[in-house]
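Single-structure report; data block below.
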Amino acid sequence: MDLDKRPQTAQRPTTTARDGAGGSPALRASDADRDHYAAILREALAEGRLTAEEHAERVEAVFTARTHADLEPLVADLPRAGTTPGAPAAAPAGPPPQAGPQEDLYAVFSQAVRRGHWRPAARIRAFAIFGSVEIDLSEAIFEHRRVTIRAFSLFGSVEIRVPENVTLHGGGSGVLGQFEVEGLQAADPEAPSVDVEGLAILGSVEAAPKRGRLIRELSRHLRKRLG
Numbered sequence: 000m001d002l003d004k005r006p007q008t009a010q011r012p013t014t015t016a017r018d019g020a021g022g023s024p025a026l027r028a029s030d031a032d033r034d035h036y037a038a039i040l041r042e043a044l045a046e047g048r049l050t051a052e053e054h055a056e057r058v059e060a061v062f063t064a065r066t067h068a069d070l071e072p073l074v075a076d077l078p079r080a081g082t083t084p085g086a087p088a089a090a091p092a093g094p095p096p097q098a099g100p101q102e103d104l105y106a107v108f109s110q111a112v113r114r115g116h117w118r119p120a121a122r123i124r125a126f127a128i129f130g131s132v133e134i135d136l137s138e139a140i141f142e143h144r145r146v147t148i149r150a151f152s153l154f155g156s157v158e159i160r161v162p163e164n165v166t167l168h169g170g171g172s173g174v175l176g177q178f179e180v181e182g183l184q185a186a187d188p189e190a191p192s193v194d195v196e197g198l199a200i201l202g203s204v205e206a207a208p209k210r211g212r213l214i215r216e217l218s219r220h221l222r223k224r225l226g
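The following block contains the structure:
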């Protein structure tokens with residue numbers, strides 16, 4: 000028997016799942032990627048593949064993940080219809096993600112509040128885990144024509160209030176919880192727009208206009224702040 004050739008076979012390089020079509024696992028995850036993985040987990044919960052507790056733990060990890068390497072293990076044991084295992088999540092159809100500054104609000108067994116005369120970032124992420132987040136835009140100074148709020152609530156609450164003369168729309172999912180956006184269309188087509196998206200698990204996310212609150216002198220405000 001010729002044993003000299005056997006080590007050559009053992010030393011051949013192998014390809015792992017992380018070297019395949021998924022690209023570099025160090026690639027930073029986008030908000031669209033996180034939404035994609037959260038949708039996989041919602042489907043798994045609906046099919047009985049995950050318990051409510053397992054689903055809550057994984058969704059929390061999804062919304063705090065930074066890279067694809069953080070996301071992939073969370074769905075490695077779940078089927079993904081129409082998706083090649085290991086492939087990066089495709090962004091949904093529609094306009095590209097909005098560029099601009101981002102602000103994160105965390106309330107873990109605590110409370111986070113933003114109100115008064117403050118300047119909201121173009122993108123705001125709110126996480127309420129056994130806590131509450133209050134985002135009051137009724138007196139805010141809008142420096143961006145569009146503000147996108149991604150809210151995640153786990154045994155907590157996220158409450159969003161806006162002036163009556165801005166546009167408010169969006170939607171999300173509630174898993175044994177409540178996700179409600181009271182839509183509002185501004186009379187001025189150039190008024191700021193607030194989009195609310197996200198997920199509520201055994202908690203609540205609520206967005207609505209604050210009655211009696213308006214952006215004063217809206218047209219002048221828009222010319223000055225939004226160009």
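Quick note on numbering: numbering that gives the first Met the number 0 labels position 189 of the sequence shown as 188, and the sequence is numbered without any gaps. A virtual CB, placed ideally from N, CA and C, is assigned to each residue, including glycine. All values reported here derive from a predicted model rather than from experimental measurement.
Item: Quick one: any contact between the region 147-156 and the region 115-128, if contact means 3 or more CB pairs under 8 angstroms?; Value: yes
Item: Using a Cβ distance threshold of 8 angstroms, determine whether the region 201-210 contacts the region 163-183, with at least three qualifying pairs required.; Value: yes
Item: Compare the Cα-Cα distances from Val-195 to each of Glu-59, Arg-113, Gly-171 and report the closest residue.; Value: Gly-171
Item: Using DSSP bridges, identify the partner residues of Ala-127.; Value: Ala-106, Ser-152
Item: Pick helix, strand or coil for Val-41, following the three-state DSSP scheme.; Value: In the sequence as presented, Val is not what sits at residue 41; that position holds Arg. Looking at Arg-41 - three-state DSSP - the assignment turns out to be helix.
Item: Buried or exposed, going by whether 16 or more other CB atoms sit within 10 Å of the CB of Leu-2?; Value: For Leu-2, the predicted model reports a pLDDT of 48, less than 50, meaning its position is unreliable; a value from the coordinates is still stated below. With fewer than 16 other Cβ atoms within 10 Å, it is exposed.
Item: Would you list the residues sitting across from Gly-187 in a DSSP beta bridge?; Value: Strictly speaking, residue 187 in this sequence is Asp, with Gly absent from that position. DSSP lists no partner for Asp-187.
Item: On the DSSP letters alone, give me the boundaries of the beta strand (DSSP E) that Glu-205 sits inside.; Value: 203-208
Item: Are the beta-carbon atoms belonging to Arg-65 and Ala-28 less than 8 angstroms from one another?; Value: yes
Item: Check the C-beta distance from Leu-77 over to Val-61 and give it rounded, since I have them as a contact under 8 angstroms.; Value: Going by Cβ atoms, the distance from Leu-77 to Val-61 rounds to 12 angstroms, so no, they are not a contact pair.
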